[in-house]
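*Asks:* Residue numbers (the numbering used here): 3 to 100.
In this text, a Cβ means the ideal position worked out from N, Cα and C, and glycines have one as well.
The model shown is predicted, which means the values in this text are computed figures rather than measured ones.
Quick one: structure below, then a few questions.
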């Protein structure tokens with residue numbers, strides 16, 4: 003069950019952006035800058051600089067689903083201040099103590 007600090011998550015996202023295909027880069031641009039005109043896109047360098055510049059934990063989680071669509075159960079734990087992903091979720095019966 004991977005858990006990353008926000009700085010580790012930012013770096014992993016930036017590396018994912020560097021490897022992204024052009025169609026995914028458009029989705030990333032739209033996720034990071036939803037208020038801008040759709041035809042205005044930034045370079046990979048601009049996108050990675052923005053991500054490395056310090057997004058909130060909630061923004062990182064939202065972006066995670068765009069950059070890494072195969073990852074599941076992505077969430078931020080405010081207590082340990084970590085972003086978690088690909089964790090097994092407990093089924094209803096599994097979480098009940100007897």
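Contact defined as beta carbons within less than 8 Å: I believe residue 62 pairs with residue 11. What is the distance between those atoms, to the nearest angstrom?
*Replies:* Sure, about 5 Å apart at Cβ, within 8 Å.
*Asks:* Could you compute how far the alpha carbon of residue 100 sits from the alpha carbon of residue 33?
*Replies:* Confidence is the limiting factor: at residue 100 the pLDDT is only 44, short of 50, which leaves the residue's position unreliable, though a coordinate-based value still follows. Taking the straight line joining both Cα atoms gives about 44 Å.
*Asks:* Residue 79 by DSSP, collapsed to three states: which one?
*Replies:* Strand.
*Asks:* For residue 52, which of helix, strand or coil comes out of DSSP?
*Replies:* Residue state, collapsed to three classes: helix.
*Asks:* Which residue wins for smallest C-alpha separation from residue 87, given the options 79, 73, 69 and 80?
*Replies:* Checking every option, the nearest Cα to that of residue 87 belongs to 73.
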